[in-house]
Amino acid sequence: MENHFSSALTATEESISRPSYWGGYSVAPHAIEVLKFKTNRVHTREQYLWEEKSWKMRLLQP
1 MENHFSSALT ATEESISRPS YWGGYSVAPH AIEVLKFKTN RVHTREQYLW EEKSWKMRLL
61 QP
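Residue 52 in the UniProt record's numbering sits at position 52 of the sequence shown; the count goes up by one each step and never skips.
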């Protein structure tokens, strides 16, 4: 795995060309899930949904 990572890193050492106007990507998620692990194994799973200009949280587990 480490050898594979090293060769991939070496293969991408040179700059990647892009247009002068390019500045990056804009990410606009509409849903995010968060999993919180606990030592007692009763994990908490939450879902956040973008609705009507705000985030709504919904508990999925437990």
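Even glycine gets a Cβ: it sits at the ideal position worked out from N, Cα and C.
Same chain, Cβ closer than 6 Å to residue i, five either side skipped, listed in chain order
i: TRP22; result: none
Residues of its chain near residue i, where Cβ-Cβ distance is below 7 Å and the 5 sequence neighbours each way are ignored
i: HIS43; result: LEU35, LYS36, PHE37 and GLN61
Beta-carbon separation (whole angstroms), residue i vs residue j, contact threshold 8 Å
i: ARG58; j: LEU49; result: 7 Å
Alpha-carbon to alpha-carbon, residue j and residue i
i: TRP55; j: ALA31; result: 9 Å
i: ARG45; j: SER20; result: 42 Å
i: ILE16; j: GLU33; result: 32 Å
i: SER6; j: THR39; result: 35 Å
i: GLN47; j: ALA28; result: 16 Å
i: ALA11; j: GLU52; result: 45 Å
Which of helix, strand or coil DSSP assigns to residue i
i: THR44; result: strand
i: GLU2; result: helix
i: SER54; result: strand
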